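Taking this note's numbering, the leading residue of the sequence shown gets 3, the next gets one more, and so forth. Using N, Cα and C, we set each Cβ at its ideal position, and we do this for glycine too. This one's a predicted model, so the numbers in the text were calculated from it and none came from an experiment. Below: the structure, in structure tokens.
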Amino acid sequence: GMRYWPTYFATLRDRLVPGGKAVIQAITVPDAHFDAYRRESDFIRHYTFPGGMLLSRGVIAEQGRRAGLSVQDTFAFGPDYARTCRIWAERLDAAAPRIRRLGYGPSFMRTWQYYLGICAATFATGRADVVQMELART
């Protein structure tokens, strides 16, 4: 959650020599939607990652700046991750007989199909992104 962000970014800074760089990868929400996202909950935050909180690119930049880090470069690939989630859902369907033999029932399958479907749609529509951000110690 948010309360850990200052510690996380300070730890990154402390592990770098001046001018040193680190690349982080994060699932993000658009800056324009961050405040609404922060105030609300959803299926994923309730069932999959309780207590979790995504950042936005702007929040990463601001948290980094406060810790003495600056953004040097950014690479985003949310649409690729949407495709990955769709492929995972297909593979989950294909593995259904084996999953049932392991003792997992229809509820388990529905939960994970729903999760993967939400993720695929969210990344495909730009409501979330996957970014790699290069941060440098200033």
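In this structure, Ala-123 is the residue among Lys-23, Ala-123, Thr-13 with its C-alpha nearest to the C-alpha of Cys-87. Residue environment: Thr-9 is assigned as exposed (fewer than 16 neighbouring CB atoms within 10 Å of its CB, all protein chains considered). Shortest Cα-Cα distance from Gln-74 to any of Arg-129, Ala-126, Ala-24 involves Ala-24. Annotation: Arg-112 to Thr-50 spans about 13 Å, alpha carbon to alpha carbon. Within the segment 63-105, the complete beta strand (DSSP E) runs of at least 3 residues fall at 71-78.
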